[in-house]
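Chemist: Counting in this note's numbering, the sequence shown runs from 5 upward without gaps.
We put the beta carbon where it would ideally sit given N, CA and C, even for glycine.
Keep in mind that this is a model prediction, so the values were computed, not measured.
Could you have a look at this structure, given as structure tokens, before my questions?
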Amino acid sequence: MKASSKLILTILGYYLTSTQITSASIKIKKFSTSKITLHKPAPDVVPNSYILEFNGDQLKSQSESSESFINSFVKSIENEGINYKVRETYSSQKVFNGVSIKLDDDKDINKIKKLKCVKNVWPVVKIQRTEAKFEEENNSTSQNFRNFVGLDESDNDVLDGSNIKVGILDTGIDHKHKALGGCFKGEGCKVQFGFDFVGDDFNGSNEPKPDDDPLDECVGHGTHAAGIIAGEDSTNNITGIAPKAILGAYRIFGCNGTTTNDIVIKAMEKAFDDGMNIINLSLVSGNNAWFGTPESLVAETLTQNGVFVVAPAGTSGDNGIFKVSSPSTAPGVISVASVDTDQVNSFFIQSSSDPNLKIKYLTQNGRPIKLVDSFSIVPTSNVTNSKNDACDAINEDLTGKVALVRRGGCDDTTKIDQIRFAGASAIVIYNDASGISTPQFNSEGISTPVGMISCEDGITLFNLIQKNNNLTVQFPNESVLINDPGTLKTSKFSSFGPTNELEIKPDIAAPGKDIKSIFPVSLGSIKTISGTSVSAPFITGALALYLQSQKESKPEIIRNVLQINTKPITFKNDIEGNKNSLIASTILKQGSGLISLSNALSSTIMTSPSKLALNDTDNFNGKKRCLTLTNIGKETTKFTFNHLPAQTINGYDGINLVPANSPITTNSFANVKFSKLSIRLRPGESQDINLSFTPPKEENEINNSLYSGYIVITDSTTKKRSYVSYMGMKGSLKSLPILDDQSGAPFIQSGKNDQKFTSPEEVLTVSMKDDDIVLLGARMAQGTKILTVDVIPAESDDDVEPPTETQPQETNLPTEAPVVTKKPSKSKPKETNKPTATKPKQPTETPKTPKEDKPIENPKESDKPTKTPKESDKPTKTPKESDKPIETPIESDKPTETPKESDKPVETPKESDKPTETPIESDKPTETPKQPTETPVESDQPTDTPTPTPTPTPTPIESPQPSDDDDVVTVTSTIVTVITPASAAETPITKRSFRTFPVLYKRGNNKLRSRAFDNQATELLVPNSLGTISNIQFESRNDNSEKNQIKTIQFDGKVDKSDGTKNVELPDGRYRLFLAALRPFGDPKKKEDWETFTSSIIEIKRE
């Protein structure tokens, strides 16, 4: 009897480098399998431990409290003879109803899954604390974080975060620190709430030791975050953003830095029960760009209950695109990116002629010049307008002196080399243009300290030297923050978006580089840290001030206003003919831009939505998008529209189609047309405008480039601008390979040697003793929702096909299950991994799905699809209506969508893709925005001319779909294994049921595709499977790094059976491993949506 086992080891997530402007293709070093060291994956799953969510409907029907229901559940599993231990209990019906348990016998989980009261089951997994880098101290004595979030002086005196409760889920808080109140829960204490869920020694595997005191004395991360949000340190001149906010410290990490997801959920529940208005999550549960972990689902639920949840985007910026971290990928959670702030530490030069004169200087490393004594200062030129000062060799001996030199004529490195060769003790460069700047030079091998001052201060110092040849200078250890626009940029370490389903993340940016804040007294009281977990508290603090100011506003309005009233990071376009225009850094690194709290507080506009995800070319929904604008001000206001393009990111190498570590940027941009150039709104009035996007035509779809930009809305009265971000992919996400066959993988090998087996005819003989087991090596080029590995027999020469119409079908078997080959042909198995090699069966009926946009116009004859189907897209059966152009079968990579306005192929635009466009006249006279730094817009007035409506494609009966009036996002939680009873003569069938949550998210006119799976149940069956060795949901792609090239899956001769029995030993014989990965937007019931690999033969010969 052959059985299929589908035990779910769920690693859930949702659905994330420096760049250079160049058009050259990026070169990626190919990986040599001879250099690969296979390693066992980290034991992230806690053995025999599960999180159970109860069915809320049954809870209500029994009129029981959550606590009594849990007690009833516990008794019911005891009656089943199940031995267990309760890890955590959850009793908040608004947040999460359930428990986490540890079983003595792991197969008992199958009994629990069958209980009617159990809605969802997840494994307990370990979560690492978000990575933060400790920086060298720069001796800065001033840090006013309120300035970092764009708070104007006019708001400084009235907003302090009073009565706003902020929960910090982190390493705890050193509440004994005077800057954080010096006490806990007492009268006048800043930290009024909190709990320690873990204890000092917890490492994710041992028993936690909770207590009532969340004191942080061994790590400091939570204390640092608390300092940014609400610290008050007059000694070190550190002021938090919301210094009067009430803090809650929820300690989820011990001194080790690892926790578990069931503890995180318990802490979120506690913060909700304590009435926290905002929750700051200092954790990342994977940089895989998916949404679906239980902790991210709970975070999303909190946002639906009016709580703001803020989380870091992640610090995987050197690992390429699709690396934004969960739980920040949840739709309602605010995902925060990091920027290098334009506020930098400046230091002072003090002259002997005037002790009160303090000249500010900047250094390249942000640290002061450390010279204790006074030094004579001499200029290297006799004039202040020399065009090549110190560009040539200096004959004068400068030993023991400070050199004063003018910038320009040659680079800074050349000047520095010439001066240090003359023996100078330090170098002061004064700018050749107005203002101060940071010196830029190659510091390798240079020990001579270098500072830069403004042009004006340089002339002042030069004149003082002319008056006093014996003038000396000192460099006191003092500093002050100043603005240096040249340093404002996205942080290299900040993760790239988007999500794996092309949703826009991160949402917003805040300072995260070299941030000095409060630290536990036992660890030095003050520390400088970098990371997106440092950026998140800035947004949390800003939210506290906004809530104080706008108490009556709804959470969705506040999120919207905060995200569109930002300052995108821009720079001058260097394209010939467009040097006076601006382009923005890609939104994949900065989201909507840098937080600007005062702009948000004074905003007169709100939009729905606040961002526009345009999907890829195959599923393009940008031909007609509706943006609703609402005047939230007190005066009738005219708003004008413009387009600010952003860098286009090429995240692939163009050869292997594997995301590159360092994506390159190109100067090609999307074009945007507006139905109106301006609108006038009365207070409280709303009006729609239609947008039409054209992707950059210069970009090659093979490279799957990601284009982005901003819709700029300008208040004609105040001249303040708001920004709605957009992003799309030029190319097909579904066509990208999931399994990277360019790296020598997939393959199998023995654990005791390095020989790789890739050919179907090769035989790997193993004893299954000690290290002589099978290792399956697979490199994930893209993320996948489902990754499975089954064991199949290898003794037959016949191909095993799924049931067809002419074959007897087993109960509930899909007609399009993946093909499993017992003995593959002699062709390269890699070919089965390429999308173009698949010839799928085209369904004759197209299921109906919610439309992403209401059609503004009837479809025109000219808008009919004209794209020639690929070979792999040809249907096996042609419908009778196929000879009608309007009913050409849809491509197989879009099996569930009918032709609609948003899916029409993009017409080749007549306009240039350069960021400047010629305005199109609208029906009514409008004013052309005069914004030289942004590209003018084009008007695309809809026509009222009636056109024929296509005949609808017949659709099968499905579960009810959301109304077109709502933007509904259905979130799938996990896969639950259910065994369908079968007769004695039949093989038991394993059904994988994808249970969905109720509607979680709605957003006005922004019609997004439903996430995860729309069907209530779906099946995946490998007909001749002997058992499963791996089954993971929401798998991330591998990084392009030496340490993480190959994903390793072990096969020790044991499988998990369909009856719940685990580690069943297979007899000696010949087998193969069958690896299957679901393509993006794929339907698990369609074989063409799976990418598969069948291994070489594995011969088990035990001693």
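Assuming F199 contacts Y254 (C-beta within less than 8 angstroms), just tell me the rounded distance between them.
Modeler: If you number the sequence shown from 1, residue 199 lands on position 195. If you number the sequence shown from 1, residue 254 lands on position 250. The Cβ separation is near 6 angstroms, so the contact holds.
Chemist: Going by beta-carbon coordinates alone, are T418 and A437 separated by less than 9 angstroms?
Modeler: Taking the first residue of the sequence shown as 1, we reach residue 418 at position 414. Taking the first residue of the sequence shown as 1, we reach residue 437 at position 433. No, the pair does not count as a contact, with Cβ atoms beyond the cut-off.
Chemist: Starting from the Cα of K493, find the closest Cα among T574, T544, R424, L549 and give me that residue.
Modeler: Within the sequence shown, numbered from 1, the residue matching residue 493 stands at position 489. Considering only alpha carbons, the answer is T574.
Chemist: Just to confirm, is the Cβ distance from L3 to I543 under 9 angstroms?
Modeler: This structure cannot settle anything about residue 3, because the visible part of the chain is limited to 5 through 1107.
Chemist: Jot down the residue ranges of each uninterrupted beta strand (DSSP E) in the segment 709-774, minimum 3 residues, whole runs only, in chain order.
Modeler: Segments of the beta strand (DSSP E) lying fully in the segment 709-774: 709-719, 725-734, 751-754, 767-770.
Chemist: Which of helix, strand or coil does DSSP assign to D461?
Modeler: Counting from 1 along the sequence shown, the entry for residue 461 is found at position 457. If DSSP states are grouped into helix, strand and coil, D461 belongs with the helices.
Chemist: Along the chain, which unbroken stretches of the alpha helix (DSSP H) at least 4 residues long are found entirely within the segment 516-577?
Modeler: Taking only runs of at least 4 residues, the alpha helix (DSSP H) segments lying wholly in the segment 516-577 are 536-553, 559-568.
Chemist: Under a three-way DSSP split, which group does A604 fall into?
Modeler: As a working note, residue 604 is residue 600 in the sequence shown. DSSP places A604 in helix when its eight states are reduced to three.
Chemist: Specify whether the segment 708-717 and the segment 730-748 touch according to this definition: at least 3 beta carbon pairs, one from each stretch, less than 8 angstroms apart.
Modeler: Output reads yes: the segment 730-748 touches the segment 708-717.
Chemist: From G528 to F1085, what does the alpha carbon distance come to, in whole angstroms?
Modeler: Within the sequence shown, residue 528 is the residue found at index 524, counting from 1. Within the sequence shown, residue 1085 is the residue found at index 1081, counting from 1. Cα to Cα, the separation comes out at about 50 angstroms.
Chemist: With distance defined between alpha-carbon atoms, name the residue in I325, I282, N75, D161 nearest to L551.
Modeler: For the purposes of this step, residue 551 is identified with residue 547 of the sequence shown, where counting begins at 1. When each option's Cα is compared against that of L551, the closest is I282.
Chemist: Mind checking I113: buried by the 16 CB within 10 Å criterion, or exposed?
Modeler: Walking along the sequence shown from the start, residue 113 turns up at place 109. Per the 10 Å Cβ criterion, buried.
Chemist: Check the C-beta distance from T641 over to T608 and give it rounded, since I have them as a contact under 8 angstroms.
Modeler: The residue you call residue 641 lines up with position 637 of the sequence shown. The residue you call residue 608 lines up with position 604 of the sequence shown. Rounded, the Cβ-Cβ distance is 6 angstroms, consistent with contact.
Chemist: Quick test of your reading: A428 and T452, contact by CB under 8 angstroms. State the CB separation rounded to the nearest angstrom.
Modeler: What you label residue 428 is simply residue 424 of the sequence shown in a count that begins at 1. What you label residue 452 is simply residue 448 of the sequence shown in a count that begins at 1. With a Cβ gap of about 6 angstroms, A428 and T452 count as contacting.
Chemist: Could you check if S80 is buried or exposed, using at least 16 other CB atoms within 10 Å of its CB as the buried criterion?
Modeler: On the sequence shown, residue 80 is found 76 positions in, with the first residue counted as 1. Classification for S80: exposed.
Chemist: Mind reading off the beta-carbon distance from F523 to G224? Whole number of angstroms is fine, and I expect it under 8 angstroms.
Modeler: Numbered from 1 along the sequence shown, position 519 holds the residue referred to as residue 523. Numbered from 1 along the sequence shown, position 220 holds the residue referred to as residue 224. Right, their Cβ atoms sit about 5 angstroms apart.
Chemist: How far does the beta strand (DSSP E) with A588 in it reach, from first residue to last?
Modeler: Residue 588 sits at position 584 when you count from the first residue of the sequence shown. Taken as a continuous stretch (DSSP letters only), the beta strand (DSSP E) holding A588 covers 586-588.
Chemist: Using only alpha-carbon positions, find the residue among V103, P51, N83 that is nearest to F73.
Modeler: For this step, residue 73 is matched to residue 69 along the sequence shown. Nearest of V103, P51, N83 to F73, Cα basis: V103.
Chemist: Between which two residues does the beta strand (DSSP E) containing A234 stretch?
Modeler: Mapped onto the sequence shown, residue 234 falls at position 230. From DSSP, A234 is part of no beta strand (DSSP E) but of the alpha helix (DSSP H) over 225-234.
Chemist: Does T836 come out as helix, strand or coil in the three-state DSSP assignment?
Modeler: As a first step, residue 836 is located in the sequence shown; it is residue number 832 there, counting from the start. The pLDDT assigned to T836 is 36, lower than 50, so where the model puts this residue is not dependable; a value taken from the coordinates is nonetheless given after this. The answer is helix: DSSP assigns T836 an H, G or I state.
Chemist: Is P51 helix, strand or coil by DSSP?
Modeler: Your numbering for residue 51 matches position 47 in the sequence shown. Note: P51 maps to strand in three-state DSSP.
Chemist: So the candidates are K701, S1099, R783, G449; which of them puts its Cα closest to the Cα of Y1075?
Modeler: As a first step, residue 1075 must be located in the sequence shown, where it is residue number 1071. Looking at the Cα atoms, S1099 is the closest of the given residues.
Chemist: Using a Cβ-Cβ cutoff of less than 6 angstroms, which residues in the same chain neighbour R424 once the five nearest sequence positions on both sides are dropped?
Modeler: Locating residue 424 in the sequence shown gives position 420, counting from the first residue. Within the same chain, R424 has close Cβ partners T452.
Chemist: Consult DSSP for T417 and reduce its assignment to one of helix, strand or coil.
Modeler: Taking the first residue of the sequence shown as position 1, residue 417 is located at position 413. Helix at T417.
Chemist: I'd like the list of long-range same chain contacts for A303, defined as Cβ closer than 6 angstroms, with 5 residues on each side in sequence excluded.
Modeler: One-based indexing of the sequence shown puts residue 303 at position 299. Answer for A303: V313, P331, A334, V337, listed in chain order.
Chemist: Which of the three DSSP states, helix, strand or coil, is assigned to E57?
Modeler: Walking along the sequence shown from the start, residue 57 turns up at place 53. In the structure shown, E57 sits in a strand (DSSP, three-state: E or B).
Chemist: Are there 16 or more other CB atoms within 10 angstroms of the CB of V728, so buried, or fewer, so exposed?
Modeler: Within the sequence shown, numbered from 1, the residue matching residue 728 stands at position 724. Buried is the call here.
Chemist: Helix, strand or coil, according to DSSP, for V195 in the structure here?
Modeler: Position 191 of the sequence shown holds residue 195. The answer is strand: DSSP assigns V195 an E or B state.
Chemist: Compare the C-alpha of V340 against each of G545, R725, L586, L740 and name the closest.
Modeler: Numbered from its first residue, the sequence shown carries residue 340 at position 336. When only C-alpha atoms are compared, the closest one is G545.
Chemist: Spell out a yes or no on whether the segment 469-476 and the segment 343-360 are touching, meaning 3 or more CB-CB pairs, one atom from each, closer than 8 angstroms.
Modeler: The segment 469-476, when compared against the segment 343-360, does touch it at the 8 angstroms Cβ threshold.
Chemist: Per the contact definition of three or more C-beta pairs closer than 8 angstroms, is the segment 229-244 in contact with the segment 147-158?
Modeler: Contact holds: three or more Cβ-Cβ distances are below 8 angstroms.
Chemist: For A513, list the residues DSSP reports as bridge partners.
Modeler: As a working note, residue 513 is residue 509 in the sequence shown. DSSP, once it has assigned bridges, lists A341, L598 as partnering A513.
Chemist: Suppose you measure from the CA of Y656 to the CA of L631; what does that come to, to the nearest Å?
Modeler: Taking the sequence shown and counting its residues from 1, the one referred to as residue 656 is at position 652. Taking the sequence shown and counting its residues from 1, the one referred to as residue 631 is at position 627. Roughly 31 angstroms separates the two Cα atoms.
Chemist: Just how far apart, CA to CA, sit D744 and F497?
Modeler: Here residue 744 corresponds to residue number 740 of the sequence shown, with the count starting at 1. Here residue 497 corresponds to residue number 493 of the sequence shown, with the count starting at 1. Computed Cα separation, rounded: 25 angstroms.
Chemist: For D237, does the count of other Cβ atoms within 10 angstroms reach 16, so buried, or fall short, so exposed?
Modeler: Translated into positions along the sequence shown, residue 237 becomes position 233. That one is buried.
Chemist: Which residue comes first and which comes last in the beta strand (DSSP E) that contains V778?
Modeler: The residue you call residue 778 lines up with position 774 of the sequence shown. That run of the beta strand (DSSP E) goes 778-782.
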